[in-house]
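Engineer: Residue numbers (the working numbering): 1052 to 1113. Every residue gets a Cβ at the ideal spot worked out from N, C-alpha and C, and that includes glycine. Since the structure is predicted, the reported quantities are computational estimates derived from the model, not experimental observations. A single structure is presented below for examination.
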Amino acid sequence: MAEKTVTVEQIGSPIRRQKDQRATLVGLGLNKMHRRSTLKDTPEVRGMIGKLPHLVRVVSEN
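So this is what it looks like as structure tokens:
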């Protein structure tokens, strides 16, 4: 059985954001606008996405 994944895209700039928000973006594998990253769908990743609703969006869930 394949693991569930979630693809996120960065839609906001980290300029003038708090350090913890920038670090969370890096943790998601994002650092530039409109980049996408596919990650395992875990509670930790969902928490990181939930912390940055103004900077990232979920593109697809598998």
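Buried or exposed: which applies to I1066, given that a residue is buried once 16 or more other Cβ atoms fall within 10 Å of its Cβ?
Structural biologist: exposed
Engineer: Name the two residues that bound the continuous alpha helix (DSSP H) containing Q1072.
Structural biologist: Residue range K1070 to G1078 is occupied by the alpha helix (DSSP H) that includes Q1072.
Engineer: Taking the C-alpha atoms as reference points, what is the distance between R1097 and E1112?
Structural biologist: Between the alpha carbons of R1097 and E1112 lies a gap of roughly 11 Å.
Engineer: Pull up the CB-CB distance for G1101 and S1088, whole angstroms please, since I reckon it's below 8 Å.
Structural biologist: The pair is not a contact, with the Cβ atoms about 16 Å apart (cut-off 8 Å).
Engineer: With DSSP run on the structure shown, which of helix, strand or coil describes E1112?
Structural biologist: Strand at E1112.
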